[in-house]
Structures are given as C-alpha cells and as structure tokens.
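*Asks:* First to last, the sequence lines map onto chains A and B. Going by our numbering, the first residue of the first sequence is number 2, and it counts up by one from there. Going by our numbering, the first residue of the second sequence is number 66, and it counts up by one from there. Using N, Cα and C, we set each Cβ at its ideal position, and we do this for glycine too. Sharing a structure, written as structure tokens. Questions coming.
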Amino acid sequence: MSQPFLEQARQLQALSFAAHIPLVCFGIAFPVLVLLLEGLHHRTGLRLHRTLARRWSRVMAALFAIGVITGTVLSVEMALLWPAFTATFGGVFGLGFAIEGFSFFTEAVFIGIYLYGWDRLPPRAHLASGIPIAVAGLTGSFMVISVNAWMNHPGGFTLQDGRVVDVRPAEALFANPYLWHEFVHMYVAAFLVTGFVVAGVYAMTRLRGRDTAYDRLALAVSLTVASVAAPVQVLVGDWAGRAVARYQPVKLASLEGLGHTMAGAPVHVLGWYRDGKVVDGIELPRMLSLLALHDPGAVVVGLDAVPPDQVPPVNVVRLAFQVMVCLGTLLAVLGVFTVVVLARRRRLPTARWWTRAVVVAGPASVVALLCGWVVTEVGRQPWTVYGVMRTPEAVTAAPGIPVGYAVLGTVYAGVAVAVVWVLRRLAAVPLDTDPEVDPDRGGPTRPPLPSSVRGGDAS
Amino acid sequence: MTLAELPLVVVLIGLAAYTTLGGADFGAGMWQLTAGRGPDAERLRDHAHRALAPVWEANHVWLVFVLTVAWTAYPVVVGAVASTLTVPLFLAALGVIARGAAYALHSGTRTSSERRRVDTVFAAASALTPFALGAVVGGIVSMRVPVGNAAGSLWTSWLNPSSVAVGVLAVVLSAFLAAVYLAADAARIGEPDLERRFRARALGSGVLAGAVALGALAVLRVDAPLVGEGLLRWPGSVALVLSAAAGLTSLALVGARRHEAARVTAALAVAAVVAGWGLAQRPVLLPGLTADRAAAPAPTLVGLLIAVVGGAVLLAPSLGLLFALVLRGRFDPGPPAPATCDAQAPPGRAGAASPPAGRRSSWVAVGLLVAGTGLLTVAESGPAHAVGVVALAGAAATGVAVVRPWALDDGPG
Ligand code: HDD
Ligand code: HEM
Ligand code: HEM
Numbered sequence: 002m003s004q005p006f007l008e009q010a011r012q013l014q015a016l017s018f019a020a021h022i023p024l025v026c027f028g029i030a031f032p033v034l035v036l037l038l039e040g041l042h043h044r045t046g047l048r049l050h051r052t053l054a055r056r057w058s059r060v061m062a063a064l065f066a067i068g069v070i071t072g073t074v075l076s077v078e079m080a081l082l083w084p085a086f087t088a089t090f091g092g093v094f095g096l097g098f099a100i101e102g103f104s105f106f107t108e109a110v111f112i113g114i115y116l117y118g119w120d121r122l123p124p125r126a127h128l129a130s131g132i133p134i135a136v137a138g139l140t141g142s143f144m145v146i147s148v149n150a151w152m153n154h155p156g157g158f159t160l161q162d163g164r165v166v167d168v169r170p171a172e173a174l175f176a177n178p179y180l181w182h183e184f185v186h187m188y189v190a191a192f193l194v195t196g197f198v199v200a201g202v203y204a205m206t207r208l209r210g211r212d213t214a215y216d217r218l219a220l221a222v223s224l225t226v227a228s229v230a231a232p233v234q235v236l237v238g239d240w241a242g243r244a245v246a247r248y249q250p251v252k253l254a255s256l257e258g259l260g261h262t263m264a265g266a267p268v269h270v271l272g273w274y275r276d277g278k279v280v281d282g283i284e285l286p287r288m289l290s291l292l293a294l295h296d297p298g299a300v301v302v303g304l305d306a307v308p309p310d311q312v313p314p315v316n317v318v319r320l321a322f323q324v325m326v327c328l329g330t331l332l333a334v335l336g337v338f339t340v341v342v343l344a345r346r347r348r349l350p351t352a353r354w355w356t357r358a359v360v361v362a363g364p365a366s367v368v369a370l371l372c373g374w375v376v377t378e379v380g381r382q383p384w385t386v387y388g389v390m391r392t393p394e395a396v397t398a399a400p401g402i403p404v405g406y407a408v409l410g411t412v413y414a415g416v417a418v419a420v421v422w423v424l425r426r427l428a429a430v431p432l433d434t435d436p437e438v439d440p441d442r443g444g445p446t447r448p449p450l451p452s453s454v455r456g457g458d459a460s
Numbered sequence: 066m067t068l069a070e071l072p073l074v075v076v077l078i079g080l081a082a083y084t085t086l087g088g089a090d091f092g093a094g095m096w097q098l099t100a101g102r103g104p105d106a107e108r109l110r111d112h113a114h115r116a117l118a119p120v121w122e123a124n125h126v127w128l129v130f131v132l133t134v135a136w137t138a139y140p141v142v143v144g145a146v147a148s149t150l151t152v153p154l155f156l157a158a159l160g161v162i163a164r165g166a167a168y169a170l171h172s173g174t175r176t177s178s179e180r181r182r183v184d185t186v187f188a189a190a191s192a193l194t195p196f197a198l199g200a201v202v203g204g205i206v207s208m209r210v211p212v213g214n215a216a217g218s219l220w221t222s223w224l225n226p227s228s229v230a231v232g233v234l235a236v237v238l239s240a241f242l243a244a245v246y247l248a249a250d251a252a253r254i255g256e257p258d259l260e261r262r263f264r265a266r267a268l269g270s271g272v273l274a275g276a277v278a279l280g281a282l283a284v285l286r287v288d289a290p291l292v293g294e295g296l297l298r299w300p301g302s303v304a305l306v307l308s309a310a311a312g313l314t315s316l317a318l319v320g321a322r323r324h325e326a327a328r329v330t331a332a333l334a335v336a337a338v339v340a341g342w343g344l345a346q347r348p349v350l351l352p353g354l355t356a357d358r359a360a361a362p363a364p365t366l367v368g369l370l371i372a373v374v375g376g377a378v379l380l381a382p383s384l385g386l387l388f389a390l391v392l393r394g395r396f397d398p399g400p401p402a403p404a405t406c407d408a409q410a411p412p413g414r415a416g417a418a419s420p421p422a423g424r425r426s427s428w429v430a431v432g433l434l435v436a437g438t439g440l441l442t443v444a445e446s447g448p449a450h451a452v453g454v455v456a457l458a459g460a461a462a463t464g465v466a467v468v469r470p471w472a473l474d475d476g477p478g
C-alpha cells in the first residue's frame, strides 16, 4: 500500500521537531547558566546571584516539562509515521535512544531534586544536585545526534533481502565520522539560543526603562555566554560544511546550488536556483572549492552526479543554508562587539540600537537553529537513511495522516500560547515577594549590588 | 529463557514501573477532576498536585524507556503495533501533551479559578491517556495486530471488548493507586481530613478495581483466549493469585490506616497484573510471531542489555535518592529546616567579585581561540579537530571569565 500523504507526514515530522528542538536547547544550556550563578553565590555570598539562579531554575523546570512532552510525542511519532524505518533499522540505531532514555531519567530525577531542594538541602548538596542535569543534557543530545548522524552516514550493518544482518550497533552509532561536527554544532547552538533568547527578554525590559541590578546581572550573564559561543559557532559550522562536502557531496551541491560537477566551483550569495544554476546571485569565484576542499582548483561534485530523482529540493535547502549562515555571521559580529565592550568598558552598552539588536538576536538564533535542521534533514532527501532507504519506503501505510497533522498543529499552537503565558507569569512575580530578597530572613544580606562592589570589595 | 526474551523482561519491568508510578500520577489527576468545587475541593486538588510535583517527570520517563527498549529489541513488533494501533497511540500522545502543558501552566496560575481550569485539563487528559494505553494492550492481547505495515484494522484493533476492558481497568487501577499513595502522603504531612478523604477513595476504588478486574478476565477469556486462559493456567495463575491477594491486603491495610505498607502492596497488586500478562502470552508477541523470531540480531540485544544494566547502576541510586527525599518529607511544605536555610550559606568572601582577571587571561583566551581555529579549520585530521574543539571550548570559558559579566561596574546606565 502506498501513502498518498507522504508530504504531510514529512511536514508533521518537521513540525514536531520544530517544537522540540528550541525547547531542548534550554534543557542543555540553562542548567549550566543556573549552576554558574549558584556557584557564584557560593563564592561571593551575594543574594542577588542566588535570587537569579532560583528564578531561572523555575523557568528551566517549566521549559523542561514542555521539552519532555514534545520529546515523548516525537518518540511515539517516529514509530507512528515511519514504522518501516523503525522496523528495519530499530536494531541498528535503537541503542542510541535507549541510552538517551537513561540520560532523560537522570535529568528528570535531578531536576526534581534541584527544584524542590532550594532551602531544603544543604547548600553544597543542592549545588551538586544540579550537576547531573547539565551532564545529562550533554549526553542526551549526544545520543540523539548519534542517531541522526547515522541516518546521514549509515554504517555498522549489512542489508540482506531487506533485513539487516551483521549488526554492529556501537560502531554504527559511535564510530561514525559524521557524528562529531553535528554534535558540537548542536551543543554550541543550544548555548547560543538559550543565551540570546534569555538576553533578549531582559533587553526588552531594558528598552522599557527598567534597569535594576537584577536585570543588568541577568542580561550580562546570559548575553556573555551567548556572545562567546557565537564566533565559535561560525568555525564549527565551517567544519560541518567540510564534513558534508566529504560525506554527502550531493547535499553540499544543493546547499550551493551547484548544478554541474566542476573544478574551481564558486559560491553564490543570494539568488535562486533554476535549471542547473543559480540566477541573480552574487558570484564569488572558486570560493566553494576553497572553503569545502581547501583548494581553489578542486573539483566539486554537482547535482548532475546523481539521477534527478535523487536530488533534494534545492531551493529549500539553499535558502535555509543562506539564512543560517547570514544570521550566524551577524550573531558572531554582535557577540564579538559585546564581549569587547564588556571586557574593556566594564559596563553594558547603553545605545538603543545595541539593545534592540539583542532583542532581535533571540528569535534570530532560533531561526538559525531551525534552518540548520532543515539543511540537514531536507538536504538528505529523498533518503531517510542516506543511500539505503528512501523516505516513501519508510512511511506508514495507515490512513489519517492529515487528521493527525491538523490536530497536532492546533495542539502545538495552543502549547506555544501556553508557554508564552506561563513565562510571562513567572517573569511578572515581583522580586520582593521572593523569599530570597526578604531581608528579615537573615543571611548575608547586602543591598543589591551597590555601585561600589568592585572598587570597595576587591581584596 | 533465551537471549531474545531477556529484553522482554526489561520491557515488562519498565511497564510495571510505569503503571505503578506513572499510573498513580494519572490517578491523582482523576481525583482532581472529581473533587468538585469549593475550598475543600481546592485543598484536595492542591494536595494531589503537590504530592506528585517533584516526581512526575521521573515517573513519566518510564514510558519513554519502555518505548525505546521495545523499539530496539523488537523493531518489527513496534512497527506493526504503531501502524495498526495508530489512533489510540495518537490519543495517548495528545493526553501526554495536555498533561505536561497543564503541569507547566500550573506554576503560572494566580487565582484558584485559574488553577481549577488548568487542573481540569490535566485531569481529563489523565483519564484519557491510561485508557488509550490500555486499549493498545487490549489490541495486542486479543491478537488484532498482524505483522506488517498497517496490516490490521484502524478501528476494531482498539474498539473491541478486550481493549475496552483493559482500558477501563487501567483507569480504575490508576485511580486506586493514586488514592492509596495520596492518603499516605496526607498522613505523613499531618492532614487528617485529607487522609480520611483519600482513604475513603482508596477503599471505594479498590473494591471497584477488583470488580473490573474480574469482569476483564471474563471478557478476555472469550475475546482474547490466549491471555484469558493463560492467566488461569500455571504460570500465569501465580501472578493472578498474587495480584488478588495483594489487592485484598491493601484494602485491609488502608482500612487499618497502615498507609506506608499499603503503598507497597497496592503497587504489588498492579505490577502482578503486568507480570501475569507477560507470563500468559509468552512466547507469542503478535499472531504467528514469537519473541525469538521478532528479536533484533544478537549483537544489538547484547549491546542493549549492557546499556540497560550500566544505566540501571547509575540510575537506581538516583531514583532511590529522589524517592527517599520525597517519602521522608524533605520536600514537604512548611518552613525550611533551619540548618539548611540561606543563613548558613557560606559567608561572603571578602571580595564580592574575584580579583580582576587581568591581561593574562585575555591573552590565554585569544591564544586558545587562534589555536582552536587553526586546528579545526586549517588542519584536516580527526585528532587535530578534536584538540581544536577542546581549545575552542577553553577559549569560550576563558572568555566568560575575562568578561566577568557578574561584576560589571554598575550604576544605572
Ligand atoms: C544557532 C544556531 C546556528 C548557527 C548560528 C549556525 N548553525 Fe549551522 N546548523 C545548526 C545551527 C546553527 C543546527 C544545530 O541546526 C544544525 C542542524 C544539524 C546540525 O548538526 O546542526 C546545523 C547544520 C549545519 C550544516 C549541515 C550539517 C549536516 O548536514 O551535517 C552546515 C554545513 C552548517 N550548519 C554550517 C553553518 C555555518 C557555516 C554557520 C555560520 C556562519 C552556521 N552553520 C551557523
Ligand atoms: C537534535 C536533536 C535532539 C536533541 C538535542 C534533543 C535533546 C533533548 C533534551 C536535552 C531533552 C530533555 C528535555 C528538555 O531539556 O526539555 C529531550 C527530551 C526528549 N527528547 Fe529530544 N532531542 C532531540 C531530538 C529528539 C528526537 C528525534 C526524539 C525522538 C524520536 C527525541 C525524544 C525525546 C524524548 C522522548 C524526550 C523526553 C524525555 C523525558 O521524558 O524526559 N528527541 N531531548
Ligand atoms: C533534531 C532535530 C531534527 C530536526 C529539526 C529534523 C527535521 C526534520 C525535517 C524538517 C524533516 C522533513 C524532511 C522533509 O520535509 O522532506 C525530517 C524528516 C525526518 N527526520 Fe529529522 N530532524 C531532526 C532530527 C532527527 C533525528 C535525530 C532523527 C532520527 C532519529 C530524525 C528522523 C527523521 C525521519 C525518520 C524523517 C522522515 C523521513 C524523511 O523525510 O527523511 N530526524 N526531519
């Protein structure tokens, strides 16, 4: 039986990913930020650091809950939408998900302890209970990415009459040269997204004129983390590009709209791919050969190297790639500028254009993230498992995909509204009702960050 | 027991954990739905919410665990089940979304009417999800899921006597477990009236659960003879007897207000049902398909079992810690224990901020950045890339230390 709604199945899959991925960025990077602040509190005794850590930990927990449900939906959906894929290859890649499951367990257990342990565990034990959350975010994303890297560069099995034999799951997942750039690029992306989105929120309140020590601390910490990650991400992205050139030359050709195999291939900025070439773009001669293969004269494989039915939708992939690279570069510029100003002038820039740029950087980093996944996933088409299983072979034969699509689309729209609502509510809790800053409760209270902090207290 | 059956044991253990822990979370939601209105009802709802707040995420992961192990070890079975039982699985997914969203929303509510609305969504989804999952089990035990991609009926595979019976049983058992646990929690935090109310609910739902279980058994004998008969024969009958005995003991213990002991026996009663299913259906998984033939290749199974054992070694102490903290009341509401409150935080060191990170760190950061760029971008070998990534991570960390965003010169901007 064939599936008339293959396109919808793909879009449904894409929609669910688009909901999950931005959320899990917070599951990966937020624990690190919160721990950084709590650790600072332990060193300095400043209540402000603890107040911020505690408030962020609540946001972290709410986002984690939504990340958990979108992830569960994804797991069910992987089986629902692509049963032939799971049935054929589950034995090869499933191990990655099984180990990932343990990471999520760890994360869920310690988030419970961390969140409810404020005030109830000894301070050091509380700090320690946060560390497994950060570690599990790292290992969990590593495991998922190992599965995705396997889909892009499959190995560790032999196919015989449609059944896999001679399976070597550890080799398939972890001895895969495609794994490392994907993992590092995604892990760094998580810090970019978390840092810039959080900073964007505080930049918005800054534009509205609120400027307390609390807001400045929140803005400076989140923004600094994102700012150091942004230039690194450009370097890692370049590395990813070279890996794609090596292992998925057709994907590279569609990133750049290279119709024909040629020596000294150019890069086009902007433009549109039509009839085997990019029109209306700005051509940078020989750049593609140089960037991808480190040799301006090297031969780059074009889209004509494979039959037309194996060419991905070029313009989708290409547009997504250009948007990612453009935003990535702009974010890196913003990051470098911010780091230099903070390090030299020791204060946040006050220019409104700068603050506005930080507000925009949040959504921009999410867009770059999603564009990157479009590049990876759509650029792999028409393959679900690169060179082994085509997407139409993987899809379910069950009817009703459009119904599922409509329902899940509506539900996710509702969830999105709900997330915004709850985050606004959490942000609106006035600071002075937080037990943290209640001066009657004892402890080394200081006025929230007096202007003399640095000069006066440095020993 | 063959290698091919070992992962099935893991799946069943996971399912038992999910029904006894996650199931109680569902049940707590259902008791919120039936609480009614008014201040009393609100206290009941709050108690249900608070009792499960620290643990619900961990409880929920058992479902993910079961899915991934089944997926890896018996991919053909999961492919067939997912493509035939699409509708109830989708409904379960919707229930999971609604529950999680409502849970996250709870922390943003201000008024009791907002809370009630959120709790209602939570509660409705709490009844839907176990029913849908039970219906999936019903479809499997009644052999309505043939091997293949969507080879079974989209509707009768789950709208049939067995599915309805198991679905209703799942709902009632969840409610029973929740009532037993919540009564125990209420007793621990010293809320006699809440304890009394959940005790009454535990007794009522316990009797109902026993009746539904008997009814389900009768349905299965006719509609799903393999399992229905298997439960009455050795070795399935052992589980059946154990379950019944544990269930009756739980009722007696709840009646005697021995709540902590009742927790254990109630969980045992439910876990025994899962075990009975496994024993009764063994070794058939789907019509004409046994575990031996459905299992993934041996290296995968070995890898999976190693991962599960390794994971369990790490996980068991963590879960133990979480439940110990919860059950000993460390997370209960009330004033924080004086010994652990903020006053005891390490006193501020003389310097609020660490001493200025100086030029040297800046140079280290720049040096690491240049080295990392060279190794990652210019060099072309794998090991060089690895060192390059580490150098860049070091550059980023040093960069943050140089900027010290927590110790800027302040003063309104
Ligand atoms: C905040 C997010 C972000 C930013 C700023 C960038 N990327 Fe990216 N990119 C991703 C987030 C991302 C990602 C996390 O979404 C992807 C999808 C799959 C992956 O491994 O990372 C990705 C994939 C991806 C791929 C495809 C990898 C594959 O298919 O295996 C390439 C070639 C690049 N990126 C290149 C770049 C370059 C040259 C960038 C800079 C200028 C860049 N990315 C910035
Ligand atoms: C780039 C890809 C992905 C990354 C980095 C990632 C990372 C994460 C992280 C960090 C979490 C923890 C929850 C949170 O922080 O909010 C999570 C949750 C989850 N993810 Fe993903 N994920 C990815 C893709 C997927 C895919 C493809 C699936 C399934 C097919 C999946 C299934 C899940 C599940 C089931 C959970 C919930 C686990 C729980 O119950 O705690 N994820 N993911
Ligand atoms: C984590 C971030 C990911 C994102 C954002 C993402 C995104 C997408 C998108 C956009 C599609 C649709 C392709 C199309 O429109 O033609 C897709 C398809 C698919 N993805 Fe991914 N993907 C991610 C990771 C993964 C992972 C980790 C897995 C596997 C475990 C996976 C498995 C699939 C499958 C099976 C399909 C359907 C077959 C296909 O169209 O190729 N994806 N994904």
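Could you check if A254 of chain A belongs to the surroundings of ligand 1, using beta carbon to heavy atom distance under 7 Å?
*Replies:* no
*Asks:* Should N214 of chain B be flagged as near chain A, meaning a C-beta pair shorter than 8 Å?
*Replies:* Output row for N214 of chain B: interface = yes.
*Asks:* List, in chain order, every chain B residue whose beta-carbon is nearer than 9 Å to that of H546 of chain A.
*Replies:* Look at the range of chain A in this structure, 2 to 460, and you will see that residue 546 of chain A is not part of it.
*Asks:* Would you identify the three-state DSSP class for I254 of chain B, choosing helix, strand or coil?
*Replies:* coil
*Asks:* Taking only heavy atoms of ligand 1 into account, decide whether any of them is closer than 7 Å to the Cβ of W374 of chain A.
*Replies:* Yes, Cβ of W374 of chain A sits closer than 7 Å to a heavy atom of ligand 1.
*Asks:* I need the DSSP call for W96 of chain B, collapsed to helix, strand or coil.
*Replies:* helix
*Asks:* When burial is assigned at 16 or more other CB atoms within 10 Å of the CB, is P382 of chain B buried or exposed?
*Replies:* exposed
*Asks:* I think L271 of chain A touches G282 of chain A, with their Cβ atoms under 8 Å apart; what is that distance to the nearest whole Å?
*Replies:* 5 Å
*Asks:* Is the beta carbon of V194 of chain A sitting closer than 8 Å to the one on P308 of chain A?
*Replies:* no
*Asks:* Taking the continuous beta strand (DSSP E) assigned at V280 of chain A, which residues delimit it?
*Replies:* K278 to V280
*Asks:* According to the neighbour-count rule (16 or more other Cβ atoms, all chains shown, within 10 Å of its Cβ), is P140 of chain B buried or exposed?
*Replies:* Here P140 of chain B is buried. Its C-beta has 16 or more other C-beta atoms within 10 Å.
*Asks:* Taking the beta carbon of G388 of chain A as the centre, do at least 16 other beta carbons fall within 10 Å, making it buried, or is it exposed?
*Replies:* exposed
*Asks:* Below 7 Å on C-beta distance, what does T41 of chain A contact in chain B?
*Replies:* One detail in the question is off: residue 41 of chain A reads as Leu in this sequence, not Thr. Near L41 of chain A (Cβ distances below 7 Å), the residues of chain B are W471.
*Asks:* Check this for me: beta carbons of L434 of chain B and A460 of chain B, under 8 Å apart or not?
*Replies:* yes
*Asks:* Starting from L379 of chain B and walking both ways along the beta strand (DSSP E), at which residues does that stretch end?
*Replies:* Segment A363 to L392 is the alpha helix (DSSP H) holding L379 of chain B; no beta strand (DSSP E) there.
*Asks:* Under a CB-based cut-off of 8 Å, is I114 of chain A close to chain D?
*Replies:* Considering every chain present, this structure includes no chain D. Its protein chains are A and B.
*Asks:* Quick one: what does DSSP say R55 of chain A is sitting in, helix, strand or coil?
*Replies:* helix
*Asks:* Would the region 211–219 of chain A count as touching the region 169–183 of chain A if we require 3 or more Cβ pairs under 8 Å?
*Replies:* no
*Asks:* Looking at chain B, is there any beta carbon in it that lies within less than 8 Å of the beta carbon of R347 of chain A?
*Replies:* yes
*Asks:* Of all the CB atoms in chain B, is at least one closer than 8 Å to the CB of A15 of chain A?
*Replies:* no
*Asks:* Should R169 of chain A be flagged as near chain B, meaning a C-beta pair shorter than 8 Å?
*Replies:* Chain B, which has a Cβ nearer than 8 Å to the Cβ of R169 of chain A, makes this yes.
*Asks:* Regarding E183 of chain A and ligand 1, is the C-beta to nearest heavy atom distance less than 7 Å?
*Replies:* yes
*Asks:* Leaving out the 5 sequence neighbours to the left and right, which residues in its chain are closer than 6 Å to R414 of chain B when beta-carbon positions are compared?
*Replies:* Reliability of the predicted coordinates at R414 of chain B is poor, the pLDDT of 41 falling under 50, and the value obtained from them is presented with this limitation in mind. Excluding sequence neighbours, R414 of chain B sits near nothing in its chain.
*Asks:* Would you say T194 of chain B and V161 of chain B are within 8 Å of each other, going by their C-beta atoms?
*Replies:* Cβ atoms of T194 of chain B and V161 of chain B: closer than 8 Å.
*Asks:* Which residue marks the beginning of the beta strand (DSSP E) containing Y274 of chain A, and which one marks its end?
*Replies:* W273 to R275
*Asks:* Over what stretch of residues does the alpha helix (DSSP H) that includes T89 of chain A continue unbroken?
*Replies:* P84 to G118
*Asks:* So the alpha helix (DSSP H) V74 of chain B belongs to, where does it begin and stop?
*Replies:* L71 to A82
*Asks:* Show which residues of chain B have a CB atom less than 8 Å away from the CB atom of R59 of chain A.
*Replies:* S172
*Asks:* Taking the beta strand (DSSP E) that W384 of chain A falls in, what are its first and last residues?
*Replies:* W384 to V386
*Asks:* Contact defined as beta carbons within less than 8 Å: I believe G92 of chain B pairs with A244 of chain B. What is the distance between those atoms, to the nearest angstrom?
*Replies:* 7 Å
*Asks:* What does the alpha-carbon distance come out to for the pair D474 of chain B and S426 of chain B?
*Replies:* Rounded to whole angstroms, D474 of chain B to S426 of chain B spans 19 Å at the Cα level.
*Asks:* State the CB to CB distance for the pair V379 of chain A and P313 of chain A, rounded to an integer number of angstroms; the pair is presumed to be in contact (CB under 8 Å).
*Replies:* 6 Å
*Asks:* Measuring alpha carbon to alpha carbon, tell me which residue in A:D120, A:A190, A:F31 and A:T377 is nearest G242 of chain A.
*Replies:* A:T377
*Asks:* Taking 8 Å as the threshold (C-beta atoms), are A145 of chain B and V74 of chain A in contact?
*Replies:* no
*Asks:* Which residues does DSSP pair with M263 of chain A in a beta bridge?
*Replies:* A:V301
*Asks:* Enumerate in chain order the residues of its own chain whose CB-to-CB distance from V165 of chain A is below 8 Å, with the five nearest sequence positions on each side excluded.
*Replies:* T89, F90, G92, V93, F158 and T159
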